[in-house]
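Here the structure is laid out as structure tokens; the discussion comes afterwards.
Protein chains: 2
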Amino acid sequence: MGDAEPRTAGGRVTVKEVADYAGVSAMTVSRTLSGGKNVRADVQRRVMDAVSALGYHRNENARSMRPGHTSGLIGVAITNLGNPYYGGFALGVEEVAATYGRRILLGNTGEVLARETQLISDFVGRQVEGLIVVPTGGAGEHLQPRALGHIPLVLAARSIPGVSADTVLLDDTSGAYEGTKRILQAGHRRVAFLGNSVSVSTATRRFEGFCQALAEFGLAPDPDLVLRGQQDVPAARRAMEQILQHSAPPTAVFSANNRNTIGALEAISAARDAGSVTTPPTLIAFDDVELANQMNVPILTISHDPKALGAEAARMLFSRLDGDFTSSEARIFNLAVSVGNIRS
Amino acid sequence: MGDAEPRTAGGRVTVKEVADYAGVSAMTVSRTLSGGKNVRADVQRRVMDAVSALGYHRNENARSMRPGHTSGLIGVAITNLGNPYYGGFALGVEEVAATYGRRILLGNTGEVLARETQLISDFVGRQVEGLIVVPTGGAGEHLQPRALGHIPLVLAARSIPGVSADTVLLDDTSGAYEGTKRILQAGHRRVAFLGNSVSVSTATRRFEGFCQALAEFGLAPDPDLVLRGQQDVPAARRAMEQILQHSAPPTAVFSANNRNTIGALEAISAARDAGSVTTPPTLIAFDDVELANQMNVPILTISHDPKALGAEAARMLFSRLDGDFTSSEARIFNLAVSVGNIRS
DNA sequence: CTGTTAGCGCTTTCAG
DNA sequence: CTGAAAGCGCTAACAG
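For the record, the sequence lines run as chains A and B.
Residues in the first sequence are numbered consecutively from 1, following our numbering.
Residues in the second sequence are numbered consecutively from 345, following our numbering.
Below you can see the structure in the form of structure tokens.
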């Protein structure tokens, strides 16, 4: 009896079935479920019993189709969920979205533009109320308001030339500048640079900050010591090995992201074990990396909180959705980064 | 002209509007969009022009409401996206789901049972075709088939007593057993244990494997050296500090997950810097941790691929959805773990 | 307090 | 080859 199984083969329970079971009309069920205003208490109880007996769940999709209603969905496209940084980012988005009663539709682009385009188009078709995108960096036609059905878009971590949308960025340039300056003030004069893909705006901005600080000390980057384009740990490790083998190795190395930092630390560690390096260079590491401070390699970390970045992206989006911010002008939010002290 | 803005305030473009614009009926638009069978070529072109002029996106929610159609959504509930392990897991799920043309609805439970319950109920309301859940570990009434509207469920990483569902697990017990055995064979006899929450089945299974190996060598775990319940890095670090200060410290320490491994390594590193420890204990670390092998602490890693676990969970789910597997019996998949060699 | 009607956007019949 | 009607599950608006 309590185990009633009245669903029509494969289908799910509907209001109508609940109504029949409780001996009322669909409207009474609907009303009961949305607070019970204008429904007699005993009828409400009868309805709730039916709901629980049949295992009824209101169909939110049908519900959001009615005029005035929205889907309660936010589309989030991320380049690489496998990078711990973006896991933290997604968490920040999710937590704020939950606060606003919204759910996350998540997609991973794998840094592939076509996939990003397809994903976003699908999200729009699924009636998301807004989009948060960490763009791969290619041309942004698919990010133009028309392609998005004019739903609000927030870009995160990277900006795209020609796309005018609210954007949350790290204070890349000034973080890199401050970190590099700190190392120059400590007396270093020969500083290498390890960076990820040049097409990623973040990488460019960090490189700029790096160069600015050098310039202020009357220095220019040594082309031999600038290695860019390493997108994963093995590539970063090879790049660092190359730097360590330089005839006049640098005394410090700027690493533009967490992948490069890990590769660099692996290379240093291996070289030290092999005896080919005794005094490792000082690292200026953009992004936090677990255990990096325990490696007995002098390191200056430029820290920032991925979760905070995600949370800010979500807040920016909701300020549009709730009509708190209506200007058609795009906002840019720069999340502060903090330059620590040289450790170890 | 190309910039037509015909949407009724706030609303989105509908088939009807596209039809009017192209001077055809809604049906012709619909047919064109689903392949163009039985539509004259020139009419198709006219429709496509209208679609692109108006920026039309087919409403997938309305579409999936029609008989026979499904939502194309998979609900994924994870305990902590901030843990890199679960980022990799989510990636594995996403990639396989994309292969099957499905999208991910993602929620983070934060190890809070109430949140998990609410999330899952919402997912069901949103017509997900299936669920993949890393359960927090509490009672599983909300995971019973009736509560789920009988949609397929796959549990991941942890199992729940009383819930019969397809499950993907790591080979926790045997991995822990093999790792511990290896360390005992290397001559260690005093081995500590650092674990996460006891209510998590994974933690229990790893502890069992650990004990099994000890027993085989005629040993029993020393209660003083078994510290469980550390859920984050700071707690793990404190636990390891306590172990290091023991009057008769262990020569090896089993760490049951990545949080405990990082905490332990931090504690060892600090103690070594402070001079209070000269010969660090050997670590048996369940879960891979970036940089752990470079810490100059002898370490045996019990490795496994979070992405592979996620992918397997998704495959198991789709085998149900596609009707390839219809038995009501729950399957358990154990993902192999690999025990490496003692490093450093 | 409760039920009937109508329609959200779409597509499967069934008629032309 | 094309269109009109009908209905997926739900709930405002309007009776009663």
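All C-beta atoms, glycine included, are put in the ideal place defined by N, C-alpha and C.
Considering only residues of the same chain and omitting the five flanking positions on each side of residue i, which have a CB-CB separation below 6 angstroms?
i               : result
G346 of chain B : With a pLDDT of only 32 at G346 of chain B, under 50, the local geometry of the prediction cannot be trusted, and the value read off the model is given with reservation. For G346 of chain B, where only same-chain residues beyond five positions count, there are no Cβ hits under 6 angstroms.
G482 of chain B : L457
A314 of chain A : V93, V96, A97
Q212 of chain A : Y177
T626 of chain B : A596, P642
T32 of chain A  : V39, Q44, V47
D510 of chain B : V498, M660, A674, R675
A370 of chain B : V359, K360, A363
G432 of chain B : P650, K651
P578 of chain B : none
Closer than 7 angstroms by C-beta to residue i: which residues in its own chain qualify, once you throw out the five before and the five after it? Chain order, please.
i               : result
T480 of chain B : T423, T453, E455, V456, L457, E460
R272 of chain A : P280
G484 of chain B : I504, G506, V507
S303 of chain A : D288, V337, S338, G340
V387 of chain B : V368, T372
E312 of chain A : V168, F333, L335
R407 of chain B : H413
Roughly how many angstroms separate the alpha carbons of residue i and residue j, rounded to a whole number?
i               : j               : result
A203 of chain A : A176 of chain A : 10 angstroms
Y85 of chain A  : P306 of chain A : 6 angstroms
S197 of chain A : L227 of chain A : 10 angstroms
V29 of chain A  : D288 of chain A : 52 angstroms
P565 of chain B : D666 of chain B : 47 angstroms
A215 of chain A : R526 of chain B : 55 angstroms
E241 of chain A : R190 of chain A : 17 angstroms
G195 of chain A : G107 of chain A : 26 angstroms
E5 of chain A   : H532 of chain B : For E5 of chain A, the pLDDT reaches just 39, beneath the cut-off of 50, and the residue's location in the model is therefore unreliable, although a value from the coordinates is still provided. One C-alpha to the other measures close to 58 angstroms.
V472 of chain B : Y444 of chain B : 14 angstroms
K37 of chain A  : E17 of chain A  : 21 angstroms
G10 of chain A  : D668 of chain B : A caution first: G10 of chain A carries a pLDDT of 48, below 50, which makes its placement in the model unreliable, though a value can still be read off. If I take the Cα positions, the gap works out to 16 angstroms.
M409 of chain B : R146 of chain A : 26 angstroms
L653 of chain B : I612 of chain B : 31 angstroms
H401 of chain B : S378 of chain B : 13 angstroms
T517 of chain B : G523 of chain B : 10 angstroms
R12 of chain A  : Q462 of chain B : 19 angstroms
S319 of chain A : G130 of chain A : 11 angstroms
T352 of chain B : N403 of chain B : Note that T352 of chain B scores a pLDDT of 38, beneath 50, so its modelled location is shaky; the value from the coordinates is reported in the next line. Approximately 16 angstroms between the Cα atoms of the pair.
F254 of chain A : G229 of chain A : 14 angstroms
T622 of chain B : A614 of chain B : 11 angstroms
Do residue j and residue i have their beta-carbon atoms positioned less than 8 angstroms apart in this structure?
i               : j               : result
T605 of chain B : A583 of chain B : no
I495 of chain B : V468 of chain B : yes
L225 of chain A : I243 of chain A : yes
V163 of chain A : V154 of chain A : no
A192 of chain A : P250 of chain A : yes
R390 of chain B : L417 of chain B : no
L368 of chain A : V76 of chain A  : Nothing can be reported for residue 368 of chain A, as the shown portion of chain A is limited to 1 through 344.
R126 of chain A : N405 of chain B : yes
A385 of chain B : A366 of chain B : no
L335 of chain A : D122 of chain A : no
A90 of chain A  : L425 of chain B : yes
S236 of chain A : G263 of chain A : Per the sequence shown, residue 236 of chain A should be read as Ala rather than Ser. Against a cut-off of 8 angstroms, the Cβ pair of G263 of chain A and A236 of chain A comes out as a contact.
D576 of chain B : R603 of chain B : yes
I132 of chain A : A156 of chain A : yes
Using a C-beta to C-beta distance shorter than 7 angstroms, which residues of chain B count as neighbours of residue i?
i               : result
G82 of chain A  : G431, G432, L435, K651
M240 of chain A : Those within 7 angstroms of M240 of chain A in chain B number zero; the least Cβ separation is about 12 angstroms.
Which residues of chain A have a Cβ atom closer than 7 angstroms to the Cβ of residue i, listed in chain order?
i               : result
N601 of chain B : Simply none; closest approach about 13 angstroms.
For residue i, which residues in chain B fall below 9 angstroms Cβ to Cβ?
i               : result
S121 of chain A : H401
Spatial neighbours of residue i within its chain, please: C-beta separation below 8 angstroms, excluding the five flanking residues on both sides.
i               : result
R687 of chain B : N637, P642, I643, L644, T645
G158 of chain A : Checking the sequence, you will find Arg at residue 158 of chain A rather than Gly. Counting only Cβ-Cβ distances below 8 angstroms, and skipping sequence neighbours, we find V134, P135, G137, L169, V200, S201, T202.
What does residue i touch in chain A if you count any residue whose Cβ is under 8 angstroms from its own?
i               : result
A636 of chain B : L291
V373 of chain B : Per Cβ cutoff of 8 angstroms: no residues; V373 of chain B is ~15 angstroms from chain A at best.
I606 of chain B : E290, L291
E438 of chain B : L81, L106, G107, N108
E610 of chain B : L291, Q294
By the criterion of Cβ-Cβ separation under 8 angstroms, what are the contact partners of residue i in chain B?
i               : result
S71 of chain A  : N405
Q127 of chain A : R356, N403, E404, N405
Which chain A residues sit within Cβ distance under 9 angstroms of residue i?
i               : result
G493 of chain B : R7, R12, V13, G55, Y56, H57
Is there at least one non-hydrogen atom of the ligand FMN closer than 7 angstroms to the beta-carbon of residue i?
i              : result
H57 of chain A : As presented, the structure is devoid of all ligands, the ligand FMN included, so that no description of it is given.
Residues bridged to residue i by DSSP?
i               : result
V440 of chain B : Beta-bridge pairing links V440 of chain B to no other residue.
T167 of chain A : A:L155, A:I332
L457 of chain B : L457 of chain B pairs with nothing; no bridge assigned.
N108 of chain A : A:I78
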